[in-house]
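The next block holds one structure in the form of structure tokens; read it before the comments.
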Amino acid sequence: MENNSTLKVASLGSGSKGNATLVSNGEVIVMVDCGFTVKEVLKRLPRLNIEPDQIDGILVTHEHQDHISGVGALSRRFSIPVWSTRGSLLSGKCGNLPELNLIEGFQPFSIGSLDVTPLSVPHDAREPCQFLFTQDELRLAILTDLGCFTPKIVEQLTPCHGILLECNHDEEMLWNGSYPERLKQRVAGRMGHMSNRQAIELLQLMDRDSLQLVIATHLSEQNNCPKLVSTLLAETLSWPVERLKIAGQDSGFGWQEIGLNSSIRAESA
Ligand SMILES: [Zn+2]
Ligand SMILES: [Zn+2]
Numbered sequence: 166m167e168n169n170s171t172l173k174v175a176s177l178g179s180g181s182k183g184n185a186t187l188v189s190n191g192e193v194i195v196m197v198d199c200g201f202t203v204k205e206v207l208k209r210l211p212r213l214n215i216e217p218d219q220i221d222g223i224l225v226t227h228e229h230q231d232h233i234s235g236v237g238a239l240s241r242r243f244s245i246p247v248w249s250t251r252g253s254l255l256s257g258k259c260g261n262l263p264e265l266n267l268i269e270g271f272q273p274f275s276i277g278s279l280d281v282t283p284l285s286v287p288h289d290a291r292e293p294c295q296f297l298f299t300q301d302e303l304r305l306a307i308l309t310d311l312g313c314f315t316p317k318i319v320e321q322l323t324p325c326h327g328i329l330l331e332c333n334h335d336e337e338m339l340w341n342g343s344y345p346e347r348l349k350q351r352v353a354g355r356m357g358h359m360s361n362r363q364a365i366e367l368l369q370l371m372d373r374d375s376l377q378l379v380i381a382t383h384l385s386e387q388n389n390c391p392k393l394v395s396t397l398l399a400e401t402l403s404w405p406v407e408r409l410k411i412a413g414q415d416s417g418f419g420w421q422e423i424g425l426n427s428s429i430r431a432e433s434a
């Protein structure tokens, strides 16, 4: 990639059984969260043509197991520095890290040439954040594990060229489903997870003119249906269903690229 104004994103898997997302600007590659064992990461990385020693940093969104369980082990095994809020770190789930960089909500930082802004989100963790990556004017947001969105988040998404957006559950499926009552309340609550309806509301509020890429993430296997999500998002965006991507728990998704003056270019499935 010679043009600097591009960003690529891929996923090793997305959902309550484990998450790991890769972001690259062509020079720097970071992994956002690692909710998989090192063994599983090594099994999945070749799909994306990436070697573990190419990863320049691991960014932690929060301390829930599906995001943090593999962070410490991967970091130690390949000497990869970690970026985390103090709250996420205080969980103690990372163990000793070879290099740690503390971050705070809405305080931008850089990893080499990659600029990152942590977005504080309402979620039932100690100091959760999600991430906005910028490359010149280009902006890619990862927004999962949030019970609701705030005006400050919407502000940060203006403009936005690519978004990984949590579509956790269909409200009807959740309430009619088999989860225990307390878990239903937690998932649906303001500190839980975004429903399809909330994701659509956010997309409707956002400036959609620049949007090239929308990927639905963190879908509940019990309380959602990928086909339903694609249809809802396609209707909201007036895009063909084929243009929308759904991140799978096992499959994640292959590299997707956004760029200024370019449309989506998928390099692999
Ligand atoms: Zn999660
Ligand atoms: Zn979570």
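Quick note on the working numbering: the sequence shown kicks off at 166 and runs consecutively.
Even glycine gets a Cβ: it sits at the ideal position worked out from N, Cα and C.
Assigned exposure category for Q230 - 16 Cβ within 10 Å defines buried: exposed
Distance between E192 and K349 (C-alpha atoms, nearest Å): 42 angstroms
Helix, strand or coil at A364 [DSSP, three-state]: helix
L393 and D301 closer than 8 angstroms at C-beta: no
Distance CB(G200)-CB(G222) smaller than 8 angstroms: no
Backbone secondary structure at G178 - three-state DSSP: strand
Environment of N214 [buried if 16+ CB atoms lie within 10 Å]: exposed
Limits of the unbroken alpha helix (DSSP H) element including M338: 336-341
Cβ pair L267, S278 closer than 8 angstroms: no
Whole-angstrom distance between S403 and V379, CA atom to CA atom: 12 angstroms
Contact test: N214 Cβ vs ligand 1 heavy atom, cutoff 7 angstroms: no
E167, buried or exposed, once every other Cβ within 10 Å from all chains shown has been counted against 16: Residue confidence for E167 is low, a pLDDT of 44 falling below 50, so the modelled location carries little weight; the figure read from the coordinates is stated next. By the neighbour-count rule (16 or more Cβ atoms within 10 Å), E167 is not buried but exposed.
Cut-off 6 angstroms between Cβ atoms - residues of its own chain near N389, not counting five sequence neighbours on either side: H334, D335
Closest residue to C332 among F243, I220, A185, L397 (Cα-Cα distance): L397
Rounded straight-line distance, which links the Cα of L297 to that of S433: Its pLDDT being 43, under 50, S433 is placed unreliably by the model, and the measurement read from it follows with that caveat. Approximately 23 angstroms between the Cα atoms of the pair.
Environment of ligand 1 in chain order, Cβ to heavy atom below 7 angstroms: S181, N184, H229, D231, H232, T309, D310, H383
Coil, strand or helix - V197 by DSSP: strand
Backbone secondary structure at P405 - three-state DSSP: coil
Three-pair Cβ contact test at 8 angstroms for the segment 401-415 versus the segment 360-373: yes
E422 - containing beta strand (DSSP E), residue span: 418-424
H227 CB to nearest heavy atom of ligand 2 below 7 angstroms: yes
Short Cβ contact (8 angstroms threshold) for M356 with G419: no
Extent of the continuous beta strand (DSSP E) run through F298: 294-300
Cβ neighbours of W340 in the same chain (closer than 7 angstroms, five flanking residues each side left out): K349
Three-way DSSP call (helix, strand, coil) for K127 in this model: Because the chain in this structure spans residues 166 to 434, residue 127 falls outside the shown range and cannot be described.
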